[in-house]
Every structure is written in C-alpha cells, then in structure tokens.
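For the sequence shown, my numbering gives the first residue as 4, with consecutive numbering after it. Cβ coordinates follow ideal geometry from the N, Cα and C atoms, glycine included.
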Amino acid sequence: MRSVFLAAALAAVSSSAALAQSCDAEPQFAAHRTANGVIRAQYNAVSRGEWPEAIHFGEEVVAGSGAPGHKVAAHTNLCAAYAATGEYEMAIAACDAAIEMRDDAWRAMNNRGVALWLSGDRAAAVEAFQAANAASSGEDEVEANLAMAQCTTAG
C-alpha cells in the first residue's frame, strides 16, 4: 500500500513538473489588419517578425491623414514592433494611442501587456491581458497570454 502512495506522489510531482515545463515562455502579439494596403503590409511584416518594416509602415500611416480605424491598427502594430525590438516605452505609448482612439481595442491592450511583460512589469502585464480579455470575445492570443501568465507565476 505504501508503494502505491509513493508511486502516486511521484506521478503528481512529475506531472506538476511537466506542466511547469509546458508553459509558453513568450507572450503572443495580436497583429491588426484592415483593408488599407499599407496596414496589410504592416500586418504581414508583424506576422513575419520583420520589425523594421512594421515600424516603417506604421509610422507612415500614423503620420498621414488616414482614417481613425487605420491609425488604431497602425498604432497597435507599432506597439508590437517596438516591444519586439526592446523599445518598451515607445511600445506602450503606441498602444496607449490606439486605446485612446478606441477604448475597446483589445489587440492594443494585449500588445500593451506583451510590452509590459517583456519589460519585466508582470503585474501590469496581467492587468493589460485581463483588460484585453474583457474587451475581446475569447481571442486566442489573449487566452494564451493569460494562460502563460498564470502558468509562469504558479511555477
């Protein structure tokens, strides 16, 4: 009987270790695409991790006189690109600009959380992920980031 309890305890420990090891190590960005050709190019650059191109396209849209929805998308994607290149303050400012333009911009909230997470401010990142979750409808990136945060803080 004692060996059964020991085996069960070892199984529980090894399964906890397996769960801790299966945590995603990095948060996920949420790229934003619109019908605008420059935003589509920026979206594609973000999706491929081509950060200088994503920044170039985003700055072009932000500096122009385009539609507010395009500017929200450009700021959201700029946030991802700046965060990916370690420019966290610029990333957060870009996300804040998108959220200021549209208070339910879940992708910007999510990317703000990623920028905060990568900068080391885990508590603020979790708050941003939770806000993104409240503004979205169960989007994959947001759920993955919440799971990553829970998994890494539990371990």
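### Query
Residue ranges of each alpha helix (DSSP H) run of no fewer than 4 residues wholly in the stretch 13-79, ordered along the chain?
40-51 and 54-66
### Query
Do the stretch 27-34 and the stretch 114-123 meet, that is, are 3 or more Cβ pairs less than 8 Å apart?
yes
### Query
Can you check whether the CB of Ala70 is closer than 7 Å to the CB of Cys82?
Start at 1 with the first residue of the sequence shown, and residue 82 comes out as number 79. Start at 1 with the first residue of the sequence shown, and residue 70 comes out as number 67. The answer is no: Cβ separation not under 7 Å.
### Task
Compute the beta-carbon to beta-carbon distance between Trp109 and Ala127, rounded to the nearest angstrom, for a pair I have assumed lies under 8 Å.
Here residue 109 is taken as the residue at index 106 of the sequence shown, counted from 1. Here residue 127 is taken as the residue at index 124 of the sequence shown, counted from 1. Rounded, the Cβ-Cβ distance is 17 Å, inconsistent with contact.
### Query
With C-beta atoms as the reference, is Ala48 less than 7 Å away from Val65?
Here the question's residue 48 lines up with position 45 in the sequence shown. Here the question's residue 65 lines up with position 62 in the sequence shown. No, they are not a contact pair.
### Query
What is the residue span of the alpha helix (DSSP H) that Arg105 lies within?
Position 102 of the sequence shown, counting from 1, holds the residue named residue 105. Per DSSP, Arg105 belongs to no alpha helix (DSSP H) and is neither H nor E.
### Query
Got a sec? Which residues, its chain only, sit under 8 Å from Ile102 by beta carbon, not counting five neighbours each side?
Here residue 102 refers to the residue found at position 99 of the sequence shown. The residues are Ala108, Ala111, Met112 and Arg115.
### Task
Report all residues from its chain with a CB closer than 6 Å to the CB of Phe60; omit the five preceding and five following residues, and keep chain order.
Residue mapping note: residue 60 aligns to position 57 of the sequence shown, counting from 1. Val41, Ala44 and Gln45, listed in sequence order.
### Task
Please report the residue range of the alpha helix (DSSP H) in which Glu130 lies.
The sequence position of residue 130 within the sequence shown is 127, counting from 1. It spans Arg125 to Ala138 - the alpha helix (DSSP H) in which Glu130 sits, taken as one unbroken run.
### Message
Looking at Val147: is its Cβ nearer than 7 Å to the Cβ of Leu121?
### Response
For the purposes of this step, residue 147 is identified with residue 144 of the sequence shown, where counting begins at 1. For the purposes of this step, residue 121 is identified with residue 118 of the sequence shown, where counting begins at 1. It is Ala, not Val, that sits at residue 147 in the sequence shown. Contact flag unset, no.
### Task
Compare the C-alpha of Val129 against each of Glu142, Gly141 and Thr155 and name the closest.
Within the sequence shown, numbered from 1, the residue matching residue 129 stands at position 126. The shortest C-alpha separation from Val129 is found at Thr155.
### Cβ neighbours of Ala15 in the same chain (closer than 8 Å, five flanking residues each side left out)
Numbered from 1 along the sequence shown, position 12 holds the residue referred to as residue 15. Reliability fails at Ala15, whose pLDDT of 39 lies under 50, so the model's placement of it is uncertain and no value is given.
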